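Asker:
In our numbering, the protein residues as written are 6 to 244.
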């Protein structure tokens with residue numbers, strides 16, 4: 006049996022995919038502790054912490070609490086905003102709205118950036134560690150042939166650039182570290198629910214199916230992959 010080492014952290018642990026990742030990581034037993042961070046953590050989970058992506062003070066406080074579980078070996082940011090009350094993907098640039106753009110960027114780009122600010126220094130200095138953020142294929146600039154979804158596309162493209170930049174800096178102090186963006190596929194969750202029409206049944210994943218595939222991709226990564234953007238099947242996605 007592989008020795009259990011370090012801590013794994015899932016941010017967005019009460020979402021559909023985040024909860025599946027948390028459950029799988031705990032079932033695998035590879036880590037000494039697997040913590041779930043979310044805005045409203047379950048009161049019956051002793052390894053759940055509160056974290057608000059839009060509040061840096063809460064991110065900093067959660068990071069300080071993670072010091073009791075050092076070193077961090079795996080951090081997965083399983084959060085994202087595509088639609089919601091008064092918010093929908095733009096079909097045209099005529100629908101662009103400053104407040105909507107700011108809201109989407111706060112969740113999809115700025116929040117993960119601040120998490121990196123406070124958690125990357127707490128990643129293990131020796132041996133392998135992985136910092137992964139869920140992105141989306143529509144955030145690939147070179148793969149964009151349809152247009153639309155301006156805020157979501159741009160926020161995920163910006164996230165991908167942050168990951169690339171973070172990877173370069175992190176490698177200077179932790180050469181075995183890995184920072185990547187991951188595309189989970191189309192997952193049957195609230196985020197994708199209004200947009201599942203036309204998705205082939207074999208390409209609409211349950212949260213557990215996507216979690217299984219993403220963890221397999223993470224397990225196969227090497228430091229040479231750091232800064233990259235990978236799909237659920239391990240295939241690289243161009244920026």
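Each residue gets a CB set at the ideal place from its N, CA and C atoms; glycine is no exception.
Keep in mind it's a predicted model, so treat the numbers as computed, not measured.
Of the residues 30, 24, 76, 25, which one's Cα is nearest the Cα of residue 224?
Answerer: If we check each option's Cα against that of residue 224, 30 comes out closest.
Asker: How long is the line joining the alpha carbons of residue 90 and residue 124, rounded to whole angstroms?
Answerer: C-alpha separation (whole angstroms): 31 Å.
Asker: Among the residues of its own chain, which have a CB less than 7 Å from the CB of residue 61, if the five just before and after it don't count?
Answerer: Closer than 7 Å at the Cβ level, and outside the excluded window around residue 61, lie 119.
Asker: Residue 232 and residue 173 - do their beta-carbons sit closer together than 8 Å?
Answerer: Yes, they are a contact pair.
Asker: Excluding five sequence neighbours on each side, which residues of the same chain lie with their C-beta closer than 8 Å to the C-beta of residue 143?
Answerer: Closer than 8 Å at Cβ, skipping near neighbours: 149, 154, 157, 158, 161.
Asker: Nearest to residue 179 by CA position, among 78, 36, 213, 27, is which residue?
Answerer: Among 78, 36, 213, 27, the Cα nearest to that of residue 179 belongs to 78.
Asker: Over the uninterrupted beta strand (DSSP E) stretch that includes residue 124, give me the two end residues.
Answerer: Not the beta strand (DSSP E): residue 124 falls in the alpha helix (DSSP H), residues 116-124.
Asker: Can you name the start and end residues of the alpha helix (DSSP H) that residue 12 belongs to?
Answerer: Per DSSP, residue 12 belongs to no alpha helix (DSSP H); it is in the beta strand (DSSP E), 12-16.
Asker: Rounding to the nearest angstrom, what Cα-Cα distance links residue 230 and residue 186 in this structure?
Answerer: Computed Cα separation, rounded: 10 Å.
Asker: Measure from the alpha carbon of residue 181 to the alpha carbon of each residue in 134, 25, 164, 126, then state which is nearest.
Answerer: Checking every option, the nearest Cα to that of residue 181 belongs to 134.
Asker: So, does the region 12-31 touch the region 87-107, judging by three or more C-beta pairs under 8 Å?
Answerer: Too few Cβ pairs lie closer than 8 Å, so no.
Asker: Give me the Cα-Cα distance between residue 49 and residue 196, rounded to the nearest whole angstrom.
Answerer: Residue 49 and residue 196: Cα-Cα distance of roughly 25 Å.
Asker: Looking at the unbroken beta strand (DSSP E) that takes in residue 204, where does it start and where does it end?
Answerer: Per DSSP, residue 204 belongs to no beta strand (DSSP E) and is neither H nor E.
Asker: Quickly, what does DSSP pair residue 182 with across the bridge? List them, please.
Answerer: Its beta-bridge partners are 134.
Asker: Since residue 191 contacts residue 218 with CB under 8 Å, what's their CB separation in whole angstroms?
Answerer: Actually they do not touch by this definition, with Cβ atoms about 12 Å apart.
Asker: Within a Cβ cutoff of 8 Å, which residues of the same chain sit near residue 70, ignoring the five residues on either side of it in sequence?
Answerer: Closer than 8 Å at the Cβ level, and outside the excluded window around residue 70, lie 54.
Asker: Can you tell me which of the three DSSP states residue 244 falls into?
Answerer: DSSP places residue 244 in coil when its eight states are reduced to three.
Asker: Taking 8 Å as the threshold (C-beta atoms), are residue 56 and residue 38 in contact?
Answerer: Not in contact: residue 38 and residue 56 (Cβ atoms no closer than 8 Å).
Asker: Apart from the five residues just before and just after residue 216, which ones in its own chain have a Cβ nearer than 7 Å to its Cβ?
Answerer: If we look at residue 216 and ignore the five residues flanking it on each side, its Cβ neighbours are 22, 25, 26, 29.
Asker: Should residue 99 go down as buried or exposed, given a rule of 16 or more other Cβ atoms within 10 Å for buried?
Answerer: With fewer than 16 Cβ atoms within 10 Å of its Cβ, residue 99 is classed as exposed.
Asker: Would you kindly work out how many angstroms separate the C-alpha atoms of residue 117 and residue 199, rounded to a whole number?
Answerer: Their Cα atoms are separated by approximately 25 Å.
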